[in-house]
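Asks: One structure, pasted below without further comment.
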Amino acid sequence: MKEEKELTILIPALNEEKTIKIVIQKAKKWLEINNVNGEILVADNNSIDRTKQIAKENGARVIEVEHKGYGNALREGIKQSKGKYIIMGDADDSYNFLEIEEFYKELKKGNDIVIGNRYYHIEKGAMKWTHRYIGTPLFRYMIRKKYKIDIKDINCGLRGMKKEKIQELELKSEGMEFASEMMIKGKKANLKIKEIPIHFYKDKREGKSHLNTVRDGIRHVKIIFQL
């Protein structure tokens, strides 16, 4: 079936009313500036605030994902996306959608997965020191040791992908471990993976993060050793 769009900018969301507008506006502006036939797709994970309403008012297509979880939102978003290519990023404005040019270029060059490297530039206060110096480096070491994946920032949430190739991986993860599963299965399937430097900014929601360090860390470890 012929794809309807060139690119889907996919945004998983859960109670993001403080930031969803600016995130969508940046994504929309990038599409307009670069004259790309694209869509902005918000995969809403049962928000109880005005996230869905604001997203629709600002021109995004919104789908409702019944089962909670980062992985669930992204898997359904990928499934319902209309783009040949997908660039995904969080709704908290920690990733700037005005800075996705290189992701799009690398996908057009033939790469199947393009992942950001936040360690290139992390705004002060944007990442907990336990995640920056312990969690991510530990997951990187385990994945590199077991699967020979040479990616520095294995948990980066700003990624580009070819829809067809990602769907072939049949990803199953429901939570944050989705990030590791994608890279491991992508490597096993011999997909072309490219890592590029990005800027990582502070969460603009000024609230509690959806990430649970212990719970999500355990889920990451499990997926690394199960696959």
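Residue numbers for the sequence shown follow the numbering used here, beginning at 13 and rising by one.
Just so you know, even glycine gets a beta-carbon here, dropped at the ideal spot from N, CA and C.
Owing to the predicted nature of the structure, the values given are computational and were not obtained by experimental measurement.
(1) Along the chain, where does the alpha helix (DSSP H) containing Y82 start, and where does it finish?
(2) What does the alpha-carbon distance come out to for the pair K160 and L22?
(3) Sort K17, T31 and I125 by Cα distance to Q179 and report the nearest one.
(4) Could you pull the start and end residues of the alpha helix (DSSP H) that M188 belongs to?
(5) State the start and end residues of the unbroken alpha helix (DSSP H) segment that holds A39.
(6) Is the distance from the Cβ of I134 to the Cβ of R144 below 8 angstroms?
(7) What's the call for D162, buried or exposed, on a 16-neighbour Cβ count within 10 Å?
(8) Buried or exposed for N49, going by 16 or more other Cβ atoms inside 10 Å?
(9) Could you name the residues of the same chain whose beta carbon sits closer than 6 angstroms to that of V233, not counting the 5 residues immediately before and after it, in chain order?
(10) From the DSSP output, in three-state form, read off S192 for me.
(11) Can you tell which of E51, N47, D104 and N57 has its C-alpha closest to the C-alpha of G216?
(12) Whole angstroms is fine: what's the gap from L119's alpha carbon to Y97's?
(13) Compare the Cα-Cα distances from D61 to each of K80, P24 and K30 and report the closest residue.
(14) In terms of alpha-carbon separation, which member of E51, L26 and A39 lies closest to K17?
(15) Can you check DSSP and say which residues form a bridge with N129?
(16) Check whether the stretch 145-152 touches the stretch 74-84, taking contact to mean three or more Cβ pairs, one atom from each stretch, closer than 8 angstroms.
(17) Let me check one thing: in DSSP terms, what residues is Y97 bridge-paired to?
(18) What are the boundary residues of the alpha helix (DSSP H) that includes A55?
(19) Are the CB atoms of E186 and N84 within a distance shorter than 8 angstroms?
(20) By the three-class DSSP mapping on this structure, what secondary structure does A25 have?
(21) By how many angstroms is the C-alpha of W141 removed from the C-alpha of K64?
(22) Which partner residues of R217 appear in the DSSP bridge assignment?
(23) Along the beta strand (DSSP E) that carries I75, what are the first and last residues, could you check?
(24) Over what stretch of residues does the alpha helix (DSSP H) that includes F109 continue unbroken?
Replies: The relevant details are as follows:
(1) For the purposes of this step, residue 82 is taken as residue 70 along the sequence shown, with counting starting at 1. From DSSP, the alpha helix (DSSP H) with Y82 extends over Y82 to Q92.
(2) Taking the sequence shown and counting its residues from 1, one reaches residue 160 at position 148. Taking the sequence shown and counting its residues from 1, one reaches residue 22 at position 10. Cα-Cα distance, rounded: 28 angstroms.
(3) By 1-based counting over the sequence shown, the position of residue 179 is 167. Residue I125 holds the alpha-carbon nearest to the alpha-carbon of Q179 among K17, T31 and I125.
(4) Position 176 of the sequence shown, counted from the first residue, corresponds to residue 188. Element bounds for M188: n/a, residue is neither H nor E.
(5) Here the question's residue 39 lines up with position 27 in the sequence shown. First-last of the alpha helix (DSSP H) with A39: I32 to I45.
(6) The sequence position of residue 134 within the sequence shown is 122, counting from 1. The sequence position of residue 144 within the sequence shown is 132, counting from 1. Their beta carbons are under 8 angstroms apart, which means I134 touches R144 by this criterion.
(7) The count along the sequence shown starts at 1 and reaches residue 162 at position 150. Residue environment analysis places D162 among the exposed positions, since fewer than 16 neighbouring C-beta atoms fall within 10 angstroms of its C-beta.
(8) In the sequence shown, residue 49 corresponds to position 37, counting from 1. Burial check for N49: the Cβ neighbour count within 10 Å stays below 16, so the residue is exposed.
(9) For the purposes of this step, residue 233 is taken as the residue at position 221 of the sequence shown. Result list for V233: empty, nothing under 6 angstroms.
(10) For the purposes of this step, residue 192 is identified with residue 180 of the sequence shown, where counting begins at 1. Reduced to three states, the DSSP call for S192 is helix.
(11) Walking along the sequence shown from the start, residue 216 turns up at place 204. Per the sequence shown, residue 216 should be read as Lys rather than Gly. Distances from the CA of K216 to each of E51, N47, D104 and N57 were compared; the closest alpha carbon is that of D104.
(12) Along the sequence shown, read from residue 1 onward, the residue named residue 119 stands at position 107. Along the sequence shown, read from residue 1 onward, the residue named residue 97 stands at position 85. Approximately 7 angstroms between the Cα atoms of the pair.
(13) As a working note, residue 61 is residue 49 in the sequence shown. Answer by Cα proximity: K30.
(14) Start at 1 with the first residue of the sequence shown, and residue 17 comes out as number 5. Minimum Cα distance to K17 is reached at E51.
(15) The sequence position of residue 129 within the sequence shown is 117, counting from 1. Looking at the DSSP output, N129 bridges to P209.
(16) The stretch 145-152 vs the stretch 74-84: no contact.
(17) For this step, residue 97 is matched to residue 85 along the sequence shown. Residue pairing by DSSP places Y97 opposite L19 and K174 in a beta bridge.
(18) Locating residue 55 in the sequence shown gives position 43, counting from the first residue. Counting along the chain, A55 falls outside any alpha helix (DSSP H), though it belongs to the beta strand (DSSP E) covering G50 to D56.
(19) By 1-based counting over the sequence shown, the position of residue 84 is 72. By 1-based counting over the sequence shown, the position of residue 186 is 174. Result yes, Cβ atoms of N84 and E186 sit closer than 8 angstroms.
(20) In the sequence shown, counting from the first residue as 1, residue 25 sits at position 13. Secondary structure at A25: strand, using DSSP grouped into helix, strand and coil.
(21) Translated into positions along the sequence shown, residue 64 becomes position 52. Translated into positions along the sequence shown, residue 141 becomes position 129. Rounded to the nearest whole angstrom, the CA to CA distance from K64 to W141 is 32 angstroms.
(22) Numbered from its first residue, the sequence shown carries residue 217 at position 205. The bridge partners DSSP lists for R217 come to none.
(23) Within the sequence shown, the letter at position 63 stands for residue 75. Where I75 is concerned, the enclosing beta strand (DSSP E) stretches over R73 to E76.
(24) For the purposes of this step, residue 109 is identified with residue 97 of the sequence shown, where counting begins at 1. Where F109 is concerned, there is no enclosing alpha helix (DSSP H), given that its DSSP letter is neither H nor E.
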